[in-house]
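Engineer: Questions regarding the structure given below will be posed in turn.
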Amino acid sequence: MSDYLPEGLRIDLPENLAYLKNMQTLQEAQRLGKILEARAVVCDSSHNLQVDLGFTRALMPKEECALGIREGYTRDISIISRVNKPVCFVITGFTQQGGRQVPLLSRRLVQERCQREYLSHLVPGDIIDARVTHLESFGCFVDIGCGIPSLISIDAISVSRISHPGDRMSVGQNIRAVVRDFGEHGRITLTHKELLGTWEENAALFSPGETVAGIVRSVEEYGIFVELTPNLAGLAEPKDQVTVGQQASVYIKSMIPEKMKVKLIIVDAFHASYHPREFHYFVQGNHLSHWQYSPTGCRKTVQTWFDPPGSDQP
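Just so we're aligned: the sequence shown equals residues 439 to 752 in the working numbering.
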């Protein structure tokens, strides 16, 4: 298992719990440089974190709470927002406070290690594990290791358009994603839709003449777009009293690969809340060089290049 897990995945592991038993096990963790995880419970007025280790509380000084706090490119909200959530850390020492021995922690050092030993070796097209941390109207923020954030923009979540990332993802969800680009301070941006299959792979799940489940994603004058899978939507004929977000049962009239079209008829549309299914990832490897959504011979080519054409990247 990688040392650089998204926060929250380490906290209940047996090895982690074994090092959080007492001062002697913490000292051993310090000697070995072990990455541990526990819950932050207080952010004081100086933005230092108090972390509950179970048998005692530890102190994480402000500048040790996140990469970039000391340099000024990470905002204090990134510290405040960790309260009541797991934080990863290494033990840096011990101090005395009020006659009590208090462990000193650093999350920053863990994140520096994660950047140096893991993230700096990634290239566009690499497929990595991530955990959803929060959702904004413009995209989904994820933890790509040790609390280091990355963004998946809303248009990169799936081919089928959604009005908000919450239509597709939820906080705490574990996902896979593809490295798309690198920005300032080594920040990584990700994409997700390429893992959810091509038009042909998704269309193969359905057949004309079937009546299947869908979600209404857009209502236009000329028709209604109904999502069949996150990477496949079809156009249904107009129908009164149908609204965005409704569940639907739809009849598949035809499928036209050369136009990437699925023609539908809405049998019924209704309001219901169903738990989203786990993503089905069609790509199972660790790197994606090139992805073409559109079928061969289609009038329009929809594709993503991660490696330059002709590259020998495995």
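Don't be surprised by glycine CBs; every beta carbon is placed ideally from N, CA and C.
Thinking C-beta only, is Cys503 closer than 8 Å to Ile517?
Structural biologist: Position 79 of the sequence shown holds residue 517. Position 65 of the sequence shown holds residue 503. Yes. Within cutoff.
Engineer: Where does Arg715 land, buried or exposed, given buried means 16+ other C-beta within 10 angstroms?
Structural biologist: Residue mapping note: residue 715 aligns to position 277 of the sequence shown, counting from 1. Per the 10 Å Cβ criterion, exposed.
Engineer: Short of 6 Å in beta carbon distance, which residues of its chain neighbour Asp386, apart from the five on each side in sequence? Order them along the chain.
Structural biologist: Outside the shown range of the chain (439 to 752) lies residue 386, about which nothing can therefore be said.
Engineer: So what's Ser516 in DSSP terms, helix, strand or just coil?
Structural biologist: Mapped onto the sequence shown, residue 516 falls at position 78. The answer is helix: DSSP assigns Ser516 an H, G or I state.
Engineer: To the nearest angstrom, how far is it from the Cα of Pro562 to the Cα of Ile449?
Structural biologist: Along the sequence shown, read from residue 1 onward, the residue named residue 562 stands at position 124. Along the sequence shown, read from residue 1 onward, the residue named residue 449 stands at position 11. Near 30 Å, if we compare the C-alpha coordinates of Ile449 and Pro562.
Engineer: Under the assumption that Ser596 contacts His630 (Cβ atoms under 8 Å), give the Cβ distance between them as a whole number of angstroms.
Structural biologist: Counted from its first residue, the sequence shown places residue 596 at position 158. Counted from its first residue, the sequence shown places residue 630 at position 192. Correct: roughly 7 Å between the Cβ atoms.
Engineer: How far does the beta strand (DSSP E) with Ala594 in it reach, from first residue to last?
Structural biologist: Walking along the sequence shown from the start, residue 594 turns up at place 156. Counting along the chain, Ala594 falls outside any beta strand (DSSP E), and DSSP gives it neither H nor E.
Engineer: Starting from the C-beta of Val406, find all residues in its chain whose C-beta is less than 8 Å away, skip the five residues before and the five after it, and write them out in chain order.
Structural biologist: The shown model of the chain, from 439 to 752, leaves out residue 406, and the question about it has no answer.
Engineer: Give the DSSP-derived three-state secondary structure of Pro695 in the structure shown.
Structural biologist: Position 257 of the sequence shown, counting from 1, holds the residue named residue 695. In the structure shown, Pro695 sits in a helix (DSSP, three-state: H, G or I).
Engineer: On a CA-only basis, which of Gln534, Leu673 and Pro668 is nearest Pro603? Give me that one, please.
Structural biologist: Within the sequence shown, residue 603 is the residue found at index 165, counting from 1. That would be Pro668, whose Cα lies nearest to the Cα of Pro603.
Engineer: Look up Pro603 in the DSSP assignment and say whether it is helix, strand or coil.
Structural biologist: Working through the sequence shown from its first residue, we reach residue 603 at position 165. Helix.
Engineer: Assess contact between the segment 665-684 and the segment 581-601, defined as three or more Cβ pairs (one per stretch) separated by less than 8 Å. Is contact present?
Structural biologist: With the cut-off at 8 Å, the segment 665-684 and the segment 581-601 touch.
Engineer: For a quick check, are the C-beta atoms of Phe720 and Gly635 less than 8 Å apart?
Structural biologist: The count along the sequence shown starts at 1 and reaches residue 720 at position 282. The count along the sequence shown starts at 1 and reaches residue 635 at position 197. Contact: yes.
Engineer: How about the segment 538-555 and the segment 563-580: do they share at least three Cβ pairs that are nearer than 8 Å?
Structural biologist: Touching, no, given that fewer than three Cβ pairs across the two stretches are closer than 8 Å.
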